[in-house]
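Step one of this worksheet: look at the structure below.
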Amino acid sequence: MIKPFCILFIAATLAGCAGSPTYQRPVPKKFSYPPLEREVTVSLGENLLRQGLSSEVRAIDIYNEVSISLATLMPNKYTQTGYVGSSKNRAIFEPEDKGHAFSGAFSTAMFVVDEKNKLACLYDPSMGLMLEATDCSSLDNVTSQGRIYDKNIYDSSAFQQTLIYTGKVDNRIRFTYREFSGSTARMPFTTDVEYDLNESNFISYQGATIEVLKANNRSITYKVISNFRNYD
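For the sequence shown, the UniProt record's numbering assigns the number 1 to the initial residue and increments by one for each residue that follows.
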């Protein structure tokens, strides 16, 4: 006969973790791209300079279907949104498109990753438990069909400034300056500017200065001498 306390011990051992999802709000930080004095090349239509607020989160890109326990994890882009209970090892990842992580009968389950113990799991909060023996698979199943990395998420509600390369005519180069607020480019603060490289290969606008090293109608190579604002 198995005594009650033994049953409880076995259940606790198999459970691995329990509890409701704990959601996190990434702390935004000021960012400036690119760093000062670094030689950079960007293509036509890309940002030369960008400043604002961003947050760094863990992210997973899945390129093909992945088997996790008895479930199928769908191809998608996932970002970390919280943890299972109070455990900082069990990170919850949700699809960026707000769809389901798993298909079929497991569509309500959450995608959980434990990088420390190299586990990928499905977790249903309504069940209250996540059993490593039955709900998890090796994290190698995920990394073989995708990648795990740190991702910067730009705060769309914050004020941002950008300078975009728009091309070259003769020896004159063109840019578009934009200010964003709430993810919308405000038309009164969107301006096209043009500079004559015969006068100088240093150009300045809104406090930012860049040194143009090479430019054509496909790309521009440059260094940032100073950015719009000093965040140091």
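Glycine is no exception: its CB is placed at the ideal position from the N, C-alpha and C atoms.
Values in this document were obtained by computation on a predicted structure and should not be read as measured data.
Does DSSP put residue i in a helix, a strand or coil?
i	result
V142	helix
D114	strand
D196	strand
G207	coil
D135	helix
A105	helix
V27	coil
G167	strand
R229	coil
P95	strand
N216	coil
L14	For L14, the pLDDT reaches just 37, beneath the cut-off of 50, and the residue's location in the model is therefore unreliable, although a value from the coordinates is still provided. The answer is helix: DSSP assigns L14 an H, G or I state.
Looking at residue i: is its Cβ nearer than 8 Å to the Cβ of residue j?
i	j	result
E94	A105	no
D135	L122	yes
R174	T162	no
P75	N64	yes
L49	N227	yes
S137	I68	yes
E39	L213	yes
E56	N152	yes
G146	I62	yes
N198	N171	yes
F180	Q160	yes
Can you check which of these residues, the options, is closest to residue i by C-alpha distance?
i	options	result
Y205	N141, A71, Y177 and P28	Y177
T41	S69, V113, T162 and K223	K223
V84	S126, M74 and K77	S126
F111	K77, N230 and Y154	K77
G52	K29, P35 and D61	K29
S43	D97, S219 and Y154	S219
P35	I210, N216 and A215	I210
A59	A71, S86, E96 and V66	E96
D196	V169, D124, N230 and R229	V169
residue 236	I164, Y154 and Q80	One cannot answer for residue 236 here, as it falls past the ends of the chain, which runs 1 to 232.
Using the Cβ count rule (16 or more neighbours within 10 Å means buried), how would you classify residue i?
i	result
T108	exposed
S54	buried
V142	buried
D114	buried
K118	exposed
S32	buried
Y149	exposed
K98	exposed
F202	exposed
C17	Residue confidence for C17 is low, a pLDDT of 49 falling below 50, so the modelled location carries little weight and cannot support an answer.
K116	exposed
V66	buried
I2	A caution first: I2 carries a pLDDT of 37, below 50, which makes its placement in the model too unreliable to give a value.
Quick one: what's residue i bridged to in DSSP?
i	result
R50	Y33 and T162
T81	For T81, which the question treats as bridged, DSSP gives no partner whatsoever.
Give a yes or no on whether 8 Å exceeds the smallest Cβ distance from residue i to chain B.
i	result
E96	Of the chains in the structure shown, none is chain B; there is only one protein chain.
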